[in-house]
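Beneath this line is the structure, given in structure tokens, with notes to follow.
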């Protein structure tokens with residue numbers, strides 16, 4: 159029975175952790191749900207502990223007079239602000255290195271926050287990879303130095319392919335082959351669980367010098383027409399030459415008869 163009691167206590171503590179997500183560079187406030195009793199809590203000693211159980215500040219409050227001690231000034235320099243009335247903590251210009259578990263402690267009351275700071279995502283880059291054939295174009299969507307993200311190709315709203323990377327920093331690239339005459343909308347999307355970046359594919363602009371001017375049948379027709387025109391032109395030239403020579407011969411004959 160005792161072990162079961164301990165289990166439920168631990169389960170309650172685990173479920174009591176609040177999860178907070180924020181983008182790098184933004185501000186986040188860790189709100190404390192506690193109402194202070196002015197008479198009982200005239201003397202207050204509040205403490206905030208950061209990631210890896212590192213103390214970050216304590217607040218000793220006598221009435222309205224507050225004395226704040228900052229412990230890790232190198233990491234949280236000029237970023238922390240505490241509400242004297244509630245104990246809520248605000249972290250401004252937060253960075254990815256500030257991710258972790260934060261704990262608020264006041265007498266027998268405590269609250270925990272699991273803060274995840276997401277790095278700002280770069281825009282994916284779409285480049286031409288190669289020409290697979292006279293009718294298709296291969297493109298590559300790439301992104302550098304990212305972690306905990308997925309890179310995906312979409313045709314309209316339909317997912318075509320995707321690749322993911324975990325916590326380590328990687329460079330990702332994803333291949334796509336499209337037809338020159340394809341009129342569908344393609345987009346490359348980089349996303350994490352908090353936000354995304356999208357880059358649209360412009361087939362005409364990216365594969366412009368690879369797009370054939372016409373189909374095979376049209377090419378054959380143009381060649382035949384060009385050949386016919388060429389033969390007709392040569393025939394006319396030959397006919398003109400023969401006609402000119404015939405006229406000159408007739409003139410010479412006429413002069414000989416007159417003489």
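In our numbering, the protein residues as written are 159 to 417. The beta-carbon is built from N, C-alpha and C at its ideal position, and this holds for glycine as well. Treat the numbers as computed from the prediction; the structure is a model and nothing was measured.
Here residue 361 is buried: its Cβ has 16 or more other Cβ atoms, across all protein chains shown, within 10 Å. Approximately 12 Å separates the beta-carbon atoms of residue 190 and residue 217; this is outside 8 Å, ruling out the contact.
Secondary-structure assignment with DSSP links residue 224 through a beta bridge to 219.
According to DSSP, residue pairing for residue 272 in a beta bridge involves 177, 259. In the DSSP assignment, residue 362 falls within the alpha helix (DSSP H) that extends over 361-364. Within the same chain, Cβ atoms closer than 7 Å to the Cβ of residue 268 are found at 261, 262, the five residues on either side in sequence being excluded. Excluding sequence positions up to five before and after residue 253, its CB lies within less than 7 Å of the CB of 182, 275, all in the same chain and listed in chain order.
Cβ-Cβ separation between residue 238 and residue 227: approximately 11 Å, too far for a contact (criterion under 8 Å). According to DSSP, residue pairing for residue 281 in a beta bridge does not occur.
In terms of CA proximity to residue 174, 272 leads the group 301, 272, 204, 242. An exposed status is given to residue 317, since fewer than 16 other beta-carbon atoms sit within 10 Å of its beta-carbon. Distance from the CA atom of residue 283 to the CA atom of residue 337, rounded to whole angstroms, is 20 Å.
In the three-state scheme derived from DSSP, where H, G and I count as helix and E and B as strand, residue 232 is classed as helix.
Here residue 339 carries a coil assignment [DSSP, helix/strand/coil]. Taken through DSSP and simplified to helix, strand or coil, residue 239 comes out as strand. If you ignore the 5 residues before and after residue 229, its C-beta comes within less than 6 Å of the C-beta of 213, 214, all in its own chain and listed in chain order.
Rounded to the nearest angstrom, the gap between the Cα atoms of residue 194 and residue 352 is 34 Å.
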